[in-house]
Structures are given as C-alpha cells and as structure tokens.
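Participant: Before I ask anything, let me first share the structure, which is written out below as structure tokens.
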Amino acid sequence: MMSAVLEKVRTQGNEARYGAIRIDDVVKIYDPEGAAVMAVDHCTLDIKAGEICMIVGPSGCGKTSLLNAIAGFHDITSGAIYMDGEMLCGPGKPKADPGADRIVVFQNGALFPWKTNLENVAFGPMMQGKLSKKEIIEKARSMMADAGLSGTEHNYPGEVSSGLRRRVEIVRALMNDPKVLLFDEPYRALDSLTRSVMHESLLDIYYKNKVTIFFITHDLEEAIFLGHKLVIMTTRPCRPKKVLEVDIPHPRDYSVLTSPRFRELLEETASVVHEEARKSFASGEKEG
Ligand SMILES: Nc1ncnc2c1ncn2[C@@H]1O[C@H](COP(=O)(O)OP(=O)(O)OP(=O)(O)O)[C@@H](O)[C@H]1O
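FYI, the numbering for the sequence shown is 1 to 288, going by the UniProt record's numbering.
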C-alpha cells in the first residue's frame with residue numbers, strides 16, 4: 001500500500017494551505033496567585049501549514065501545556081497564539097475556543113465501544129448536521145478505505161487490533177476537516193515494532209490529508225523519522241532550545257532509518273536532548 005501512496009504524493013505535491021500556527025512569546029503559569037508553576041516561558045514558534053512539527057523535551061517541561069493552549073483546553077498567561085493569522089488566544093482573550101479545526105487525537109479509549117467503527121467515524125459530522133446522512137456515510141467509507149480500514153466498518157473497536165483502532169481514531173478526527181491535529185505521545189506505550197508500523201500508517205494517512213500536525217514525543221528517532229521540523233524544548237519552563245528542519249525528503253519509509261543523514265541528525269540532536277534531560281533530572285522533575 002505504501003508504494004501506491006508514495007506515487008500519489010509525488011504526483012500531487014503538498015497542497016496544504018491552512019493550519020499555520022504561530023506561537024508568539026507565550027507564557028503559561030499555573031496557579032499564578034499561589035504556587036505559581038511556570039510551565040511555558042516566552043515560547044515563540046512558527047509551524048507552517050501542513051507541516052509535521054515534532055516537540056521533544058524532558059518530562060514535565062511544559063509540552064502538554066502548550067498543546068492544551070492551542071487546543072483551547074486552558075488559558076495562557078501572556079503572549080498569543082495565531083492560526084492562519086487569526087488570534088486564537090492572546091491579549092484580551094486568554095483562552096482559545098476549542099474547535100473542530102484543531103483536534104486532539106486521543107489514541108486510546110476515546111472511541112465509543114458500543115458503536116461500530118463506521119458509526120464512530122461518522123459521529124462528529126452526524127452531530128454537526130451539516131451534511132446529509134448519506135453524504136456522511138459515503139465520506140466515512142471513503143476515508144476509511146483510504147486509511148486501509150475497508151472491511152472493518154461494521155466491526156466494533158474492541159474487535160480490531162489496537163493498530164487499526166488508532167487509525168479509526170485518526171480518521172474520526174479527519175472527518176471534521178481539521179486544520180491541525182494535536183498528538184500527545186500517542187505511541188508511548190507501544191513496543192518498537194508496533195510503533196514502526198504506526199509511524200508508516202500515520203504518514204500514509206498524512207500524505208492523503210495534508211493537515212498540520214503538532215506531535216509531542218520523548219522518542220528522538222520517532223521525531224526525526226516523522227517530522228518536517230523538530231523542536232527540542234528546554235527543561236521546565238519550556239521554550240525552544242533548538243529548532244531543526246529535518247532535511248530528509250518526504251514521502252519517507254523505513255529505509256530512512258538506516259540512511260546516513262538520519263544518523264547524522266540523530267547524533268546532532270541527541271546531546272541537546274540528553275543535556276536537557278539531565279537538567280530536568282537534577283531539578284527533580286518526575287516522569288509524568
Ligand atoms: N493544572 C495544573 N496545575 C498546576 N501545575 C500543573 C498543572 N498542569 C501541569 N502542571 C505542571 O506544569 C508543568 C508542565 O506540565 P506539562 O504536562 O505541560 O509537561 P509535559 O512536558 O507535557 O510533561 P510530560 O512529558 O511528563 O507529559 C509540570 O511541572 C506540571 O506538574
């Protein structure tokens with residue numbers, strides 16, 4: 001399947017026009033009147049429309065706080081976040097409105113177990129009621145087919161493998177035509193073999209739906225393999241310590257992992273990540 005996808009990408013190019021995120025001098029302090037925990041410290045970052053931006057940093061440094069601010073799950077203390085030039089949150093509006101244009105993909109357990117995969121995928125648009133039921137089912141079937149989920153439409157999530165369930169989660173998010181997908185360590189608990197299949201599967205879906213991806217991980221190899229951009233955060237409070245454009249062309253497959261450039265990038269970044277992890281350990285941050 002991968003080769004067919006690669007061919008499609010080569011001929012189509014990258015047509016994403018929406019979903020550019022600008023994080024402008026953002027500060028996030030929890031409980032400002034009390035414990036005053038600073039999680040994000042004057043963080044500035046530009047993510048292009050359709051870019052896969054990988055965020056790496058020590059445990060507890062503030063990565064999820066940034067993701068939650070983009071999603072509109074909590075406010076920011078100062079600074080601003082823009083999407084396609086429009087302010088999501090900032091002066092006078094500390095919290096972004098959550099919306100279908102920015103979706104957090106919960107990779108485990110967010111599907112309704114009593115609904116079939118097709119019903120899960122169709123659920124959001126059915127609730128919105130903008131399309132007819134027939135149109136929604138057609139779209140859901142077509143997107144599921146594109147993601148290699150044909151034949152699983154009438155299964156319940158509990159009846160398919162965890163890998164397929166994770167695809168269903170992503171397709172369900174994509175049904176809402178989001179501009180940005182937000183992932184928080186989705187593959188953390190998986191063994192490396194399953195994880196490698198997940199990576200190709202995610203890219204496979206991404207190549208057909210060029211949304212912007214904001215992806216938090218602890219795994220540097222994962223970050224370099226998937227990302228157009230790699231942002232290494234400082235220990236808490238986080239801000240970018242190093243931003244690297246990963247100059248390995250997309251579409252990528254697993255042969256990239258053994259390429260000299262991949263190894264070079266890994267060496268170039270490992271010491272930076274390690275240095276921050278040591279600082280974090282020394283300051284007593286715990287694994288979250
Ligand atoms: N609601 C909250 N109230 C107070 N402090 C919080 C709250 N949420 C998070 N924090 C603190 O803010 C800091 C950053 O947390 P955050 O979850 O953003 O880090 P992270 O980089 O995503 O961590 P991990 O990699 O372990 O998931 C941590 O010290 C955490 O304890």
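Glycine included, C-beta positions come from ideal geometry on N, C-alpha and C.
Tell whether a beta-carbon distance below 8 Å holds between His-228 and Ile-52.
Facilitator: Yes; because the gap between Cβ atoms is below 8 Å, this pair is in contact.
Participant: If you draw a straight line from the alpha carbon of Ser-3 to that of Val-27, how long is it in whole angstroms?
Facilitator: Low confidence applies here, because Ser-3 scores a pLDDT of 46, under 50, leaving its location unreliable; read the following figure in that light. Each residue's alpha carbon lies about 43 Å from the other.
Participant: Rounded to the nearest angstrom, what separates Thr-269 and Asn-209 at their Cα positions?
Facilitator: If you take the alpha carbons of Thr-269 and Asn-209, they lie about 29 Å apart.
Participant: Taking only the alpha-carbon atoms, compute the straight-line gap between Phe-112 and Asn-120 and give it to the nearest angstrom.
Facilitator: One C-alpha to the other measures close to 7 Å.
Participant: Ignoring anything shorter than 4 residues, give me the alpha helix (DSSP H) runs that lie fully in the stretch 121-177, in order along the chain.
Facilitator: Fully enclosed alpha helix (DSSP H) runs of 4 or longer: 133-146, 162-174.
Participant: Determine the burial state of Asp-184: buried for a count of at least 16 other Cβ atoms within 10 Å of its Cβ, exposed for fewer.
Facilitator: When all chains shown are included, Asp-184 counts as buried.
Participant: For ligand 1, which residues count as neighbours when the test is a C-beta closer than 6 Å to any heavy atom?
Facilitator: So the residues near ligand 1 by this Cβ test are Tyr-30, Asp-31, Val-37, Ala-39, Gly-57, Ser-59, Gly-60, Cys-61, Gly-62, Lys-63, Thr-64, Ser-65, Arg-236, Gly-288.
Participant: Would you tell me roughly how many angstroms separate the C-alpha atoms of Ser-165 and Pro-157, rounded to the nearest one?
Facilitator: Per the sequence shown, the amino acid found at residue 165 is Arg instead of Ser. Arg-165 and Pro-157: Cα-Cα distance of roughly 6 Å.
Participant: Can you find the residues in the same chain that come closer than 7 Å, C-beta to C-beta, to Asp-97, ignoring five residues on each side of it along the sequence?
Facilitator: Correct list, in chain order: Gly-72.
Participant: On the criterion of 16 or more Cβ atoms from any shown chain inside 10 Å, does Pro-178 qualify as buried, or is it exposed?
Facilitator: Label assigned to Pro-178: buried.
Participant: Using 10 angstroms around the beta-carbon of Met-127, count the other beta-carbons present and answer buried if the total reaches 16, otherwise exposed.
Facilitator: Result: exposed.
Participant: Less than 8 Å between the C-beta atoms of Arg-236 and Gly-60, yes or no?
Facilitator: Their beta carbons are under 8 Å apart, which means Arg-236 touches Gly-60 by this criterion.
Participant: So, is Ser-132 buried or exposed, given that buried needs 16 or more other C-beta atoms within 10 angstroms?
Facilitator: Exposed: under 16 other Cβ atoms inside 10 Å.
Participant: Going residue by residue through the stretch 18-71, where are the continuous beta strand (DSSP E) segments of at least 3 residues, counting only ones entirely within it?
Facilitator: Listed in chain order, they are 21-30, 37-47, 52-56.
Participant: Mark Lys-93 as exposed unless 16 or more other C-beta atoms lie within 10 angstroms of its C-beta, in which case mark it buried.
Facilitator: By the neighbour-count rule (16 or more Cβ atoms within 10 Å), Lys-93 is not buried but exposed.
Participant: In this structure, does DSSP put Val-272 in helix, strand or coil?
Facilitator: Three-state result, Val-272: helix.
Participant: Sorted by chain position, which residues of the same chain lie with C-beta nearer than 7 Å to residue 296's C-beta, five sequence neighbours on each side aside?
Facilitator: In this structure the chain extends from 1 to 288, so residue 296 is not present and cannot be described.
Participant: From which residue to which residue does the beta strand (DSSP E) around Arg-195 run?
Facilitator: Segment 192-208 is the alpha helix (DSSP H) holding Arg-195; no beta strand (DSSP E) there.
Participant: Tell me, to the nearest whole angstrom, how far the beta carbon of Val-105 is from that of Glu-169; I am working on the premise that it is less than 8 Å.
Facilitator: Yes, Val-105 and Glu-169 are in contact; Cβ-Cβ is about 6 Å, under 8 Å.
Participant: Tell me, please, which residues DSSP counts as bridged to Leu-230.
Facilitator: The partner list for Leu-230 (beta bridge, DSSP) reads Met-54, Leu-244.
Participant: For Glu-264, which option in Leu-220, Ser-280, Asp-253 has the closest C-alpha, if you only look at C-alpha atoms?
Facilitator: Of Leu-220, Ser-280, Asp-253, the residue nearest in Cα terms is Leu-220.
Participant: For Arg-252, which three-state DSSP category applies?
Facilitator: It is coil, neither helix nor strand.
Participant: Pull up the DSSP beta-bridge partners for Phe-281, would you.
Facilitator: Looking at the DSSP assignment, Phe-281 forms no beta bridge with any residue, so it has no partner.
Participant: Have a look at Ile-232, Lys-48, Ser-65, Tyr-30 and flag the residue whose alpha-carbon is nearest the alpha-carbon of Val-273.
Facilitator: Of Ile-232, Lys-48, Ser-65, Tyr-30, the residue nearest in Cα terms is Ile-232.
Participant: What are the start and end residues of the beta strand (DSSP E) that includes Ile-81?
Facilitator: Run containing Ile-81: 78-83, per the beta strand (DSSP E) assignment.
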